[in-house]
Amino acid sequence: MPQIPEKIHELTVGQLAARSGAAVSALHFYETKGLISSRRTAGNQRRYHRDTLRRVAFVRAAQRVGIPLATIREALAELPEERTPNREDWARLSAAWRAELDERIKQLNRLRDHLTDCIGCGCLSLATCVLSNPDDASGERGSGSRLLVEKRAGERKTVEQGPGEQRAGEQREEGRREEEKAAGCC
C-alpha cells in the first residue's frame, strides 16, 4: 500500500483508490450516494480530505457484513466533519448495528441447519421445508400446491382451488413424495 506523506492533507481520486483498495468507480459511486465528499480544483479534479480513507474503510467493512448503503450514510452523517473519526466514534456506530448483525447471524445459522434437508430435493413443497417460502400464507393450510394459475386472453389470474381439485392435488403430492422416497430424495 503506498504511503502518503503526512504533509499532504488532500488526496486525488487515484491516491485514495490506491490507499483504500477501492476502485475509482466505487469512490465516485460512494460520492454520488453521499457516503464521502470531495472538493473540486480549478481544473475540476476531485480532492479528498485524508479522513476520507477511514470513511471508505468503514463503508467497505459495513458493506461486507450486509449493512445497506442508506444506513451507512445515516451513520456517517453523525461523524464529526472537523476531525478524523476516532475509535470511540466507530465504536458508537458499530454498537448500533450489533443487534442487527446478531439477528442476521441467527438467521444464517438457521439457514445452514435446515439447508441439508433440502439439498438435492428441488421440491420446495415439503411441510418441513422452512427454506422454500417462509412468508407463504397459503402454506399455513398445508404443504403442496394451493393455487392454480390460469391464463386468459394474455392475463394472469390466480384462482383458489376447489375441494375436489385440492384432493387431487394432495394425491399427486403424495405420489410425488413416494417417488422421491424411492429415488432416495428427501
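Residues in the sequence shown are numbered consecutively from 230, following the working numbering. Even for Gly, the Cβ is constructed at its ideal location relative to N, Cα and C. Remember, it's a predicted structure, so these values are computed and weren't measured experimentally.
message: Assuming contact is defined by CB atoms lying nearer than 8 Å, are V242 and R268 in contact in what I supplied?
response: no
message: Can you look up E239 in the DSSP assignment and give me helix, strand or coil?
response: strand
- request: Would you list, in sequence order, the uninterrupted alpha helix (DSSP H) runs of no fewer than 4 residues that lie entirely inside the segment 274-316?
  value: As far as the segment 274-316 is concerned, its whole alpha helix (DSSP H) runs of at least 4 residues are 281-293, 298-306.
- prompt: Among all the DSSP beta bridges, which residues are the ones paired with R268?
  reply: R276
task: Report all residues from its chain with a CB closer than 7 Å to the CB of S249; omit the five preceding and five following residues, and keep chain order.
output: L282, V285, A286
message: Quick check: the Cα distance between P314 and D280, rounded to an integer number of angstroms?
response: 7 Å
message: Can you tell me whether A246 is helix, strand or coil according to DSSP?
response: helix
query: Helix, strand or coil for K262 per DSSP?
result: coil
message: Please return the same chain residues whose Cβ sits closer than 7 Å to the Cβ of A246, not counting the five positions on each side in sequence.
response: A252, V253, L256
query: When you compare only the Cα positions, how much space is there between L305 and A290?
result: 13 Å
message: Tell me which residues share the same chain as A382 and place their Cβ nearer than 6 Å to its Cβ, disregarding the 5 neighbours each side in the sequence.
response: Legend: pLDDT at A382 = 43, less than 50; position of this residue unreliable, value from coordinates given subsequently. Excluding sequence neighbours, A382 sits near nothing in its chain.
query: Quick one, are the C-beta atoms of K262 and R312 less than 8 Å apart?
result: No, these two residues do not count as a Cβ contact at 8 Å.
message: According to DSSP, simplified to helix, strand and coil, what is A325?
response: helix
query: To the nearest angstrom, how far is it from the Cα of A328 to the Cα of E317?
result: 18 Å
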